[in-house]
Amino acid sequence: MITSIRGQSLLSLNEISREAILEVLNTAESFVEVNRRTIKKVPALKGRVVASLFFEESTRTRLSFETAAKRLSADVLSLAVASSSVKKGESLRDTIATIDALGIDAVVLRHRSSGVALQVSRYVPHVRVINAGDGQHQHPTQGLLDAFTIRQVLSERRGTTGLESGGELFEGLRILIVGDIRHSRVARSDIAAYSTLGAEVRVCAPGTLLPDDIERWPVTVATNFDESLEWADVVGLLRLQAERGSGAFVPSLDEFTFTHGLTVERFARMRPETLIMHPGPMNRGVEVDSRVVDAPAAIVEQQVANGVPIRMAVLYLSVAGSGESL
Amino acid sequence: MSSTNEGQARARGLAFFAKSQLMSADDVARALRRMAHEVVERNHSTESLSIIGLQSGGAPIALALAGYLTEISNAPITASLLDVSFYRDDLSHNPVPVSSQTSIDHDLTDRTVVLVDDVLFTGRTIRAALNALSDWGRPRAVQLCVLVDRGHRELPIRPDFVGKNLPTAIDEAIVASLDGVWIGTREAT
């Protein structure tokens, strides 16, 4: 169990304590303030080098990690995989060794295979590895920013701040996660974060889109989607992941929308205070109706905006906390 | 020593064992009131002043100083707070816990900034604060107000307004707050 990510790699939210999660969220509050300044930059990681390695395409995660590193004054080495020697068949191990030879403090890594972040952390034990998504396994910063966004929005409603509410507002909070749970690393990280913080997590999906070992997860499985929507304080939607073959797990997209899509009709029956989240990119009209996403209950934009402060907090704690490399 | 001070010292992750009290709460109040007068005397008016307290020890002192300035000048003055954790030069050796917030809500260009802290020691916190301030513009002048100056500077920094000069040994510790000033040690003797 990791009790603080100071000086540590961040590979997964599974083996991480409530205190470690809250430390990241509280640190991120300070970075929200930095991001509101005219000059959005602090010298905390000056002279440190962060490599950004995305072996799988990404818009928001890559941009927000690189923005975060730059706002901490770190130097960013960004490998464009499509135009690199990876295309000539260079192995992952050799690519990592090459980048390590340039002298790096941290590597932000995304890969289509589960477990690659852990593997790389073994290749280069002196470098902090931040998992930016590995296959269907984990996407820890997404889990952290989702928890941060929920805390931010709910504290604001209660007229207080996230820092003041700490972790308490998660106690007994009802969170429903809907859709392609089987292929989703976001779902795995979200569930780990929410349940560690004390929330009650329910999942709802067609049976084919539930993982085989779901009974070992800290969740309950709901079959009645409409009833669950009324139950939930927060609804987390997931993208139907065609590139991981989820299309073959449902009879048709229309069928999925009919049984598990957040349509305008379903939205109209929900409690007005229920929050709607989506990690993006969205398939508008499949898992969620376009008009629902644009309603005030949907906090998708806050999720994106919080990506930078959360990733600043993770890089700051992980890299600045590793003193021996100086 | 009062439990508040023990709490504050602990909150910064430091043990503190008090030997003796050097200033009472009343002494501190009188020193702050005197420094408020000195600030007005030096700057003639309070109009273009920005009072900035350094988190976390300087924060309550800055708020109290702003209160006295408001009294003296009959114009409301508020204090902003600044956390310099991200600007420190000892981050990689000893990452400072980040739990306090920065609340500077205005451009500091052409303002006279009065930085307020509890204890002036090596000067490294002030160095970090001067770096941080430049991110909010170009102040016309920066002045430094501290409740206690204990010496042992490691940088060419001097205070403009001092509550009390306290020559100390390097291994002694000082706790200074609105409740009073104590000298002691970091380890039980």
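From first to last, the protein sequence lines are chains A and B.
Going by my numbering, the residue at position 105 of the first sequence is 85; the numbering climbs one at a time, nothing skipped.
Take any residue in the second sequence, count from 1 to its spot, add 3: that is its number in my numbering.
Virtual Cβ for every residue (Gly too), placed ideally from N, Cα, C.
Could you tell me whether any Cβ in chain B is nearer than 7 Å to the Cβ of A:I(-18)?
Position 2 of the first sequence, counted from the start, is the residue given in the question as residue -18 of chain A. False, the Cβ-Cβ gap to chain B never drops below 7 Å.
Of all Cβ atoms in chain A, is any one closer than 7 Å to the Cβ of B:T125? On the second sequence, residue 125 of chain B is found 122 positions in, with the first residue counted as 1. Chain A contact via Cβ: absent.
| request: Please compile the residues from chain B whose C-beta is within a distance smaller than 7 Å of the C-beta of A:V22. | output: Here the question's residue 22 of chain A lines up with position 42 in the first sequence. The contacting residues are F89 and Y90.
* Just the C-alpha distance for A:E37 and A:R251, rounded to the nearest angstrom, thanks. => Within the first sequence, the letter at position 57 stands for residue 37 of chain A. Within the first sequence, the letter at position 271 stands for residue 251 of chain A. Each residue's Cα considered, the two are about 36 Å apart.
Check: Relative to chain B, which residues along the region 34 to 49 of chain A have a C-beta separation below 8 Å, given in chain order?
Finding: The region 34 to 49 of chain A vs chain B, Cβ under 8 Å: nothing.
Note to self: Taking contact to mean 3 or more Cβ pairs, one atom from each stretch, closer than 8 Å, check whether the region 169 to 176 of chain A and the region 121 to 128 of chain A are in contact.
What the structure shows: Inter-segment contact for the region 169 to 176 of chain A and the region 121 to 128 of chain A is present: three or more beta-carbon pairs are separated by less than 8 Å.
Query raised in the report: So who's on the other strand from A:T39, going by DSSP bridges?
Result: Here residue 39 of chain A refers to the residue found at position 59 of the first sequence. A:T39 is bridged by DSSP to nothing; it lacks a bridge partner.
Quick check: is the beta carbon of B:D93 nearer than 7 Å to any beta carbon in chain A? Here residue 93 of chain B refers to the residue found at position 90 when the second sequence is read from its first residue. No, B:D93 does not count as interfacial toward chain A.
With a threshold of 7 Å between beta carbons, is B:D138 in contact with chain A? Here residue 138 of chain B is taken as the residue at index 135 of the second sequence, counted from 1. So, interface residue.
Please report the distance separating the alpha-carbon of A:H117 from that of A:S164. Against the first sequence, residue 117 of chain A aligns to sequence position 137. Against the first sequence, residue 164 of chain A aligns to sequence position 184. Looking at the two C-alpha atoms, the distance is approximately 8 Å.
Assign A:M292 to one of two classes, buried (16 or more other C-beta atoms within 10 Å of its C-beta) or exposed (fewer than that).
Counting from one through the first sequence, the residue named residue 292 of chain A turns up at place 312. A residue is called buried when at least 16 other Cβ atoms come within 10 angstroms of its Cβ; A:M292 meets this threshold and is buried.
Once you ignore the five residues that flank A:R28 on each side, which residues in its own chain have a CB closer than 6 Å to its CB? Residue numbering aside, residue 28 of chain A sits at position 48 when the first sequence is read from its first letter. Cβ neighbours of A:R28 beyond the five flanking positions: A54, D85 and V299.
| According to DSSP, residues forming a beta bridge with A:K21 | Residue 21 of chain A sits at position 41 when you count from the first residue of the first sequence. Under DSSP, A:K21 forms no beta bridge with any residue.
Test: A:E136 CB closer than 7 Å to a CB of chain B
Here residue 136 of chain A refers to the residue found at position 156 when the first sequence is read from its first residue. For A:E136, the answer is no, since every Cβ of chain B falls outside 7 Å of its Cβ.
- Query: Between the region 26 to 52 of chain B and chain A, which residues of the former have a C-beta closer than 9 Å to a C-beta of the latter?
  - Reply: Only those residues of the region 26 to 52 of chain B whose C-beta falls short of 9 Å from the nearest C-beta of chain A would be listed, and there are none.
Exercise. Who are A:E235's beta bridge partners in DSSP?
Worked result: Translated into positions along the first sequence, residue 235 of chain A becomes position 255. A:E235 is bridged by DSSP to nothing; it lacks a bridge partner.
Less than 7 Å between the C-beta atoms of A:L177 and A:G147, yes or no? Reading the first sequence from its first residue, position 197 is the one you call residue 177 of chain A. Reading the first sequence from its first residue, position 167 is the one you call residue 147 of chain A. Contact flag set, yes.
* **A:A81 at chain B interface by Cβ criterion, 7 Å** => Translated into the one-based positions of the first sequence, residue 81 of chain A becomes position 101. No, A:A81 does not count as interfacial toward chain B.
Kindly list the residues whose CB is nearer than 6 Å to the CB of A:A31, restricted to its own chain and excluding five residues on each side of it in sequence; keep chain order. Along the first sequence, one-based indexing puts residue 31 of chain A at 51. Within its own chain, the residues whose Cβ lies closer than 6 Å to the Cβ of A:A31, once the five positions on either side in sequence are excluded, are L57, I79, I84 and V87, listed in chain order.
Discussion item. Would A:V199 and A:I155 be called neighbours here (beta carbons separated by less than 7 Å)?
Written reply: Looking up residue 199 of chain A in the first sequence gives position 219. Looking up residue 155 of chain A in the first sequence gives position 175. In this structure, A:I155 does not lie closer than 7 Å to A:V199 by Cβ.
* **Closer than 7 Å to chain B by CB, A:I19** => Position 39 of the first sequence holds residue 19 of chain A. Closer than 7 Å to some Cβ of chain B, the Cβ of A:I19 qualifies, so yes.
- request: Flag this pair as yes or no: are the beta carbons of A:A179 and A:F150 separated by less than 7 Å?
  value: Against the first sequence, residue 179 of chain A aligns to sequence position 199. Against the first sequence, residue 150 of chain A aligns to sequence position 170. Closer than 7 Å, so yes.
For a cutoff of 7 Å on Cβ pairs, would you count A:L295 as touching chain B?
Counted from its first residue, the first sequence places residue 295 of chain A at position 315. Answer no: the Cβ-Cβ gap between A:L295 and chain B never drops below 7 Å.
**Asked** For B:L118, does the three-state DSSP call read helix, strand or coil?
**Response** Residue numbering aside, residue 118 of chain B sits at position 115 when the second sequence is read from its first letter. Looking at B:L118 - three-state DSSP - the assignment turns out to be strand.
Under 7 Å between C-beta atoms of A:V244 and A:D269 = Taking the first residue of the first sequence as position 1, residue 244 of chain A is located at position 264. Taking the first residue of the first sequence as position 1, residue 269 of chain A is located at position 289. Annotated as proximal: A:V244 and A:D269, with beta-carbon spacing under 7 Å.
Give me, in chain order, the residues of the same chain whose beta-carbon lies closer than 6 Å to that of B:A191; leave out the 5 immediate sequence neighbours on both sides. Working through the second sequence from its first residue, we reach residue 191 of chain B at position 188. Shown here for B:A191: same chain residues with a beta carbon closer than 6 Å to its own, the five before and five after excluded, namely F20 in chain order.
Item to complete: From the DSSP output, in three-state form, read off A:P289 for me.
Response: On the first sequence, position 309 is the one that residue 289 of chain A refers to. Residue state, collapsed to three classes: helix.
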